[in-house]
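Asker: First the structure, then my questions, so here it is.
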Amino acid sequence: MYDAPHTERDVDQQDIKISARKVQVYYGTTHAIKDVDCDIEDKTVTAFIGPSGCGKSTFLRCLNRMNDTIDVCRVEGDIMIDGEDIYDKRVDPVQLRAKVGMVFQKPNPFPKSIYDNIAYGPRIHGLAKSKADLDEIVEKSLRRGAIWDEVKDRLDAPGTGLSGGQQQRLCIARAVATEPEVLLMDEPCSALDPIATSQVEELIDELRQDYSVVIVTHSMQQAARVSQKTAFFHLGNLVEFGDTGKIFTNPVDSRTESYITGRIG
Amino acid sequence: MTDASMDTPRPRRAKTSLVSEDARTKKRNAAEKRFQAYGILAIATGLFFLAVLAFSIVRSGLPAFTTTVVDVNFTLTQEEFDEAEGQLFKTKAYSGYFISALQKKLETENVQVAFDEAAIERIMGKIGSTLREYYTANPDQLGEEVAFKLNAASRVDGYFKGRVQRETLQDSRFLTLADLDLVDALAEAGIIHTAFDWGFITGADSGVDNPGGAGIGASVVGSFFMMLVVLLLSLPIGVAASIYLEEFAPQNRWTDMIEVNISNLAAVPSIVFGILGLAVFIQFMHLPQSAPLVGGLVLTLMTLPTIIISTRASLKAVPPSIRDAALGVGASKMQAVFHHVLPLAMPGILTGTIIGLAQALGETAPLLLIGMVGFVARGYPDGFISGFTDPNSAMPAQIYTWAARADQAFYEKAWGGIIILLIFLLTMNIIAIILRRRFERRW
Amino acid sequence: MPVFWLIVIVLALAAAGYFLGRGRALQSAGGDRRHLHSLPTYYGSNVALKAVVPACLLLVVWLVAQPFYVTNVISGMIPASDIPEGSSRGLVLSEVRRTAEGLDNAVAAGVMTEEFARNARADFTDVTQRLKDANQVVTNQITQPVLRAAQKYRIVNGTGNMVMTGAVILVALLGALWGLKETHKAFRARNSVEKGVMALLIAAASIAVLTTVGILFSLIGNTIEFFRLYPASEFFTLLEWAPSFSGRGGASSLGVLPLLWGTLYISLVALIVAVPIGLFAAVYLSEYASKPVRSFAKPMLEVLAGIPTIVYGLFALLTIGPMLLSVFGPDGTGWMGGQRAVITAGLAMGIMLIPFVSSLSDDIINAVPQAMRDGSYGLGATKSETIKQVILPAALPGIVGAVLLATSRAIGETMIVVLGAGAAARLSLNPFEAMTTVTAKIVSQLTGDSDFASPEALVAFALGMTLFIMTLGLNVFALYIVRKYREQYD
């Protein structure tokens, strides 16, 4: 189905950040992800699209081992980040998640102040040497999250008091604050209105400068807008993976075409 | 939106390999392990307390179910009977017969030990009068061999159960060290031994001076009548109140007040219900003190909030579609509730009621105030109605009474009573669990 | 018991009315039930309800009112001069009541003839002696006015009971007849029955309010009576609790503060045991434990909650006390004098509260949305960091509520302190000393041969009031916090 990904790459090819080979995921007896091979490049936005329940979120959660928190979930195959197998016994998922940050579907700020929300990650990872250092990290992360101007006067206000779009940008800033190398986003805009969505999308585009971003989305328009690479999942299979432009204009697989034209999904 | 590109991130984190734990992660993981250990420790402590509790109940309570008995085969002839009855100290004559019979038995068993009448009396109580009572009541047994199982004195019983020890025993008019030699000899001959004590289960309370004869039976009956009152009152009232609040009550001040009231009543200390019972039922209405009826009324008021809360939960669990369906075929709202919702909620209601009853069964404090403790339940009520109105004790009150007595021999009875009480509670809870498993419906 | 038979008679009337009503309804419809407005059973139930409800209402009102009336009548018979020094009208009246009951029982036992009981004069025959012979408890020598009053009491009560029986049966009959009279095929029996049932439902729901009213009534009335006999300022400020045992006379010092101190100190020890253990157990069970561990440990811990408090009381007195004594007693460190101590009761109470704290906290921790945990894990936090810095702060209000509820439980707990804490009121900081609590003193002041009119007995109601207000305040506050907390995540 997906046989020659490398031949169709753009010329400005980036380093491969994450490479997945023959990944299988089981929930109890359900085979949720079947034989997925996929390479995710550095400083690129990769979008995972596909109908509900196709396994795109499950695969995303494999990349920073968030699935470990689910008892019945079992992952097989190899997922390498910078050439290191993240499912190696010696790997501490805590260390991994510091490297591979995650933003969730629903904005989930902690019931703390805005400042403490951002400072949480740097604190637990010991990134700041002093209070001033931490202040600097917080300010920079909030600027990165494109929310600094809105909250700079009320850093002590609870994060839960912000609007939905602000909350999601706060969560992105929070993820950025730990200085990850990869940023995973699980449908980050599904709970947001169009204006907030466009703000977040703009932000994603800027984040691409420094990170490898993987975004799961329901919206094909969003995938087309923000991503350079797109992967189409269907029933646990990675059906097609390639340049976004190519997937949307000239898909190889008939299932991809049906999905994009709205016949399945 | 230009901030991000403005300053390139200063690398705070050195590029590290995933497969090797850095120092900080090591420290954090150690903290994680410690935290987890606290959790395990907490649970282990809780379970340890439970185990200690169970162990002390069983260890201290089981002896209450056994008693020390003396097995003697004894034959009294008509002539001996007549002779004894002709004497001035009749019981003394019977003691004499008994001692010679015992001596004979020991000789055949080849046990050499000397004893006198006083020693026998210390070990076995007033044996003469026991024998005399028996033969006056059953004259036809004269001349026949009768196998007597006679209860030993409470201190001898204590000796067998380890409550009385040789080393710490001081000779007194109740027991001497020499008596213990005799007891040991008798035990060796198999004449004195411990046996299951049915008297504890079926008997009534004895006075403060006779721990051996105390039984829990009468107070079980008292508890039974109390629970009958609680069941008969709290189930219908609780269900009616819940139906009103859940299905019919309009949202107004009065309903709000009732709801707040119920949730607060559920947390009022039980002793306050005892005060209520004392002031209203006994002082004001002059109902009889120590009566299971009053105890039942007080416990009803105490259990009602619990039953109402669980009943409302099970009514709420019946989906509205059932009500709509009934209303849709032209049933009145009342009919919809009584014909459809209530039967569906019944298993849940019964489970809640049984658990409420179990709580009420073990409750002690209110019973203290309505006089169930001062009363010594020496016998069973003699009829159904007097079962409600005659003064009686109840299981937890009886246990408290025993625990408060000076004679340590009663402690064993108190623990034994706890075993019986817990067996009842366990049975009720198991019934509740079975009911729930069997009939629970998931919508 | 005539009331029992009276109820049986009323119920029998109702049953008869049910069948008559049903039959009459069917008859009016010519035997075809389709012509009836309602189902035939509703016509029957209508008659039965009309027979039972008014009759039972009358019965209850009568039973409550009659003692008042009788007491009033009797009270008028006893001149103030006949009330002995140091006694009160209430005491004399209860003596009258006792005597009357004694006479009743003596007649029932066949020791006295009815004639004798009615006409005896204390001057001529030694009624006291005869009552004692009949195994009736009679404290004082019966005086002339008391005996007269007792005899009158019996007569008035007897007449009252007779009239009541007649009136109740009459009302039941009238109700049944009324129900029967309106029974006709066009009569809306169902609506009528449903109205009646609704009234019964409302009455049942109101019992909760009545209970509260009853509690307040019994507490407030007697508390006011207490403060009339004993100055409130001393009750609230005196640092000593020493009731006189003679009963009469004002030599008692009844200060609530030492009792409050004991109560709070024991509760504090209990919370120090229960809160960390309960909280850590809840955290472990909800965040770490595998399914099998959870399904074993959770119900096992909850077993502790199902054990009656009397068991914990005995456990404190006979297991924990001696155990602590062997370590801290004269043979050990020498800190502890006897097995009854603050720490004994506190420890037992703490064990009792562990499942209470843990199951409440478990609920509350589970109410924290999974998204919070995901957010924290996604940032690379460990489980314990997530729990300490995200989940517990988020659950804090709920946990505070749970601890307050546990405190209220501890303050109101009776059996453990009665058996394990001791009897002497003390203001001391030493947890190895025996102290006593509000609840324990309520029990000790109200059990035994207390005379309800003395301040030594009435103080129990003031203590009860204190206890009620304290626990009520804690409960209302805790429930408010917990509810607010729940709303936050709903």
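Chains as they are written, first to last, in the working numbering: chain H, 2 to 266; chain Z, 885 to 1327; chain W, 455 to 944.
Each residue gets a CB set at the ideal place from its N, CA and C atoms; glycine is no exception.
Which same chain residues, not among the five before or five after Val-457/W, have their C-beta less than 8 Å away from its C-beta?
Answerer: Hits under 8 Å: Leu-513 and Leu-517.
Asker: What does Val-903/Z touch in chain H if you count any residue whose Cβ is under 7 Å from its own?
Answerer: Here the neighbours are Glu-85, Asp-89, Arg-91 and Val-92.
Asker: Relative to chain H, which residues along the segment 719-747 of chain W have a C-beta separation below 9 Å, given in chain order?
Answerer: Residues passing the 9 Å Cβ filter: Ser-744 and Lys-745.
Asker: Evaluate Gly-1267/Z with the Cβ neighbour count: other Cβ atoms within 10 Å of its Cβ, from every protein chain shown; 16 or more gives buried, anything less gives exposed.
Answerer: Exposed, by the Cβ-count rule.
Asker: Compare the C-alpha of Leu-1026/Z against each of Arg-1006/Z, Arg-1016/Z and Leu-1034/Z and name the closest.
Answerer: For Leu-1026/Z, the nearest C-alpha among the options comes from Arg-1016/Z.
Asker: Is the Cβ of Glu-648/W closer than 7 Å to any Cβ of chain Z?
Answerer: Taking Cβ atoms only, chain Z reaches closer than 7 Å to Glu-648/W, which makes this a yes.
Asker: What is the residue span of the beta strand (DSSP E) that Phe-242/H lies within?
Answerer: From DSSP, the beta strand (DSSP E) with Phe-242/H extends over 238-244.
Asker: By the three-class DSSP mapping on this structure, what secondary structure does Glu-85/H have?
Answerer: The answer is strand: DSSP assigns Glu-85/H an E or B state.
Asker: Could you tell me which chain H residues have their CB closer than 9 Å to the CB of Ala-848/W, listed as they occur along the chain?
Answerer: Chain H residues near Ala-848/W: Phe-111, Pro-112 and Lys-113.
Asker: Since I believe Leu-97/H is in contact with Val-217/H (beta carbons under 8 Å), could you give me their beta-carbon distance rounded to a whole number of angstroms?
Answerer: Not a contact, Cβ separation roughly 19 Å.
Asker: Looking at the structure shown, is Arg-1196/Z part of a helix, part of a strand, or coil, going by DSSP?
Answerer: Of the three classes helix, strand and coil, the one that applies to Arg-1196/Z here is helix, per DSSP.
Asker: Cβ of Leu-163/H less than 7 Å from any chain Z Cβ?
Answerer: Chain Z contact via Cβ: absent.
Asker: Kindly list the residues whose CB is nearer than 6 Å to the CB of Ala-1125/Z, restricted to its own chain and excluding five residues on each side of it in sequence; keep chain order.
Answerer: Cβ neighbours of Ala-1125/Z beyond the five flanking positions: Ile-1192.
Asker: Can you tell me the Cα-Cα spacing of Thr-1285/Z and Ala-1071/Z, whole angstroms?
Answerer: So the alpha carbons of these two residues sit roughly 33 Å apart.
Asker: Measuring only between beta-carbons, confirm whether Gly-918/W sits less than 7 Å from chain Z.
Answerer: Chain Z, which has a Cβ nearer than 7 Å to the Cβ of Gly-918/W, makes this yes.
Asker: What does DSSP give as the partner residues of His-32/H in its beta bridges?
Answerer: Paired residue(s): Tyr-27/H.
Asker: Spatial neighbours of Arg-644/W within its chain, please: C-beta separation below 6 Å, excluding the five flanking residues on both sides.
Answerer: Ser-492 and Tyr-496.
Asker: Quick one: does Ala-99/H have its CB under 7 Å from some CB of chain W?
Answerer: Interface residue, yes.
Asker: Identify the contact partners of Val-95/H in chain Z, using a Cβ-Cβ distance below 9 Å as the criterion.
Answerer: Result: Thr-909, Arg-912, Asn-913 and Glu-916.
Asker: Measuring only between beta-carbons, confirm whether Gly-166/H sits less than 7 Å from chain Z.
Answerer: Not an interface residue.
Asker: Sort out for me which residues DSSP pairs Trp-695/W with in a bridge.
Answerer: DSSP output for Trp-695/W lists Leu-708/W as bridge partner(s).
Asker: With 7 Å set as the bound, which would you pick, yes or no: does the beta-carbon of Arg-60/H sit closer than that to a beta-carbon of chain W?
Answerer: Per the sequence shown, the amino acid found at residue 60/H is Phe instead of Arg. Answer no: the Cβ-Cβ gap between Phe-60/H and chain W never drops below 7 Å.
Asker: What does DSSP give as the partner residues of Ser-213/H in its beta bridges?
Answerer: BP columns for Ser-213/H point to Val-183/H.
Asker: For His-7/H, which of helix, strand or coil comes out of DSSP?
Answerer: Unreliable placement is indicated for His-7/H, whose pLDDT of 43 sits below 50; the coordinate value is still reported in the next sentence. Helix at His-7/H.
Asker: Indicate the three-state DSSP secondary structure (helix, strand or coil) for Leu-960/Z in the structure shown.
Answerer: Leu-960/Z falls in the coil class under three-state DSSP.
Asker: Have a look at Ile-125/H and Glu-839/W and give me their C-alpha separation to the nearest angstrom.
Answerer: Those two C-alpha atoms are separated by around 8 Å.
Asker: Give me the residue from Phe-919/Z, Ser-1205/Z, Val-995/Z and Asn-913/Z with the minimum Cα distance to Phe-734/W.
Answerer: For Phe-734/W, the nearest C-alpha among the options comes from Phe-919/Z.
Asker: Please report the straight-line C-alpha distance between Val-913/W and Val-1221/Z, rounded to a whole angstrom.
Answerer: Cα to Cα, the separation comes out at about 48 Å.
Asker: For Leu-460/W, tell me which candidate among Arg-476/W, Gly-475/W and Val-506/W has the shortest Cα-Cα distance.
Answerer: Cα-wise, what sits closest to Leu-460/W is Val-506/W.
Asker: Express the C-alpha separation of Gly-767/W and Ile-927/Z in angstroms, rounding to a whole number.
Answerer: Each residue's Cα considered, the two are about 23 Å apart.
Asker: Are the beta-carbon atoms of Thr-893/W and Val-871/W separated by less than 7 Å?
Answerer: Result yes, Cβ atoms of Thr-893/W and Val-871/W sit closer than 7 Å.
Asker: Check the C-beta distance from Gln-106/H over to Asp-40/H and give it rounded, since I have them as a contact under 8 Å.
Answerer: Not really, about 25 Å apart at Cβ, beyond 8 Å.
Asker: Residues of chain W with CB under 9 Å from Met-67/H, in chain order?
Answerer: In chain order: Asp-828, Tyr-831 and Gly-832.
Asker: Less than 7 Å between the C-beta atoms of Val-104/H and Ile-173/H, yes or no?
Answerer: Yes. Within cutoff.
Asker: Using the Cβ count rule (16 or more neighbours within 10 Å means buried), how would you classify Asp-4/H?
Answerer: Below a pLDDT of 50, predicted positions are generally treated as unreliable, and Asp-4/H, at 44, falls in that range; the measurement from the model is reported next regardless. Asp-4/H should be labelled exposed.
Asker: Leaving aside the five residues before and after Lys-1045/Z along the sequence, list all residues of the same chain whose C-beta is less than 6 Å from its C-beta, in chain order.
Answerer: Around Lys-1045/Z: Pro-947.
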